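A quick write-up on the structure given underneath.
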Amino acid sequence: MLHLEIGDLKKQSLREIWENAEMLKLLRNRENLKGKCGRCTYKYVCGGCRRAAYIFTGDLMGPDPYCWVEENEEDETAR
Ligand code: SF4
Numbered sequence: 014m015l016h017l018e019i020g021d022l023k024k025q026s027l028r029e030i031w032e033n034a035e036m037l038k039l040l041r042n043r044e045n046l047k048g049k050c051g052r053c054t055y056k057y058v059c060g061g062c063r064r065a066a067y068i069f070t071g072d073l074m075g076p077d078p079y080c081w082v083e084e085n086e087e088d089e090t091a092r
């Protein structure tokens, strides 16, 4: 289980947390993805599983270890 605190609903509104939590800002910006996910042309429609990336790499923005797309596959679909 991944348990990361992003705010406190007893002290903040959901909207305030959604709009201002640094972790959510980080996750929404696909330019922050690293490794294979960062280089992938599908990153704006996929982005990979952030939970798996965190568990396997220790980095929320790291590559998704369960990705089945070959590293160069996106180059072939762009033709
Ligand atoms: S999980 Fe795979 S397909 Fe999705 S963004 Fe990462 S590398 Fe691309």
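Here our numbering is used: the first residue of the sequence shown is 14, the next is one more, and so on. Just so you know, even glycine gets a beta-carbon here, dropped at the ideal spot from N, CA and C. Remember, it's a predicted structure, so these values are computed and weren't measured experimentally.
query, result
"D77 versus N42 - alpha carbon distance", "16 Å"
"Backbone secondary structure at G51 - three-state DSSP", "helix"
"C-beta atoms of L39 and N45 nearer than 8 Å", "yes"
"Three-state secondary structure assigned by DSSP to K23", "coil"
"G61 beta carbon near the ligand SF4 (any heavy atom closer than 7 Å)", "yes"
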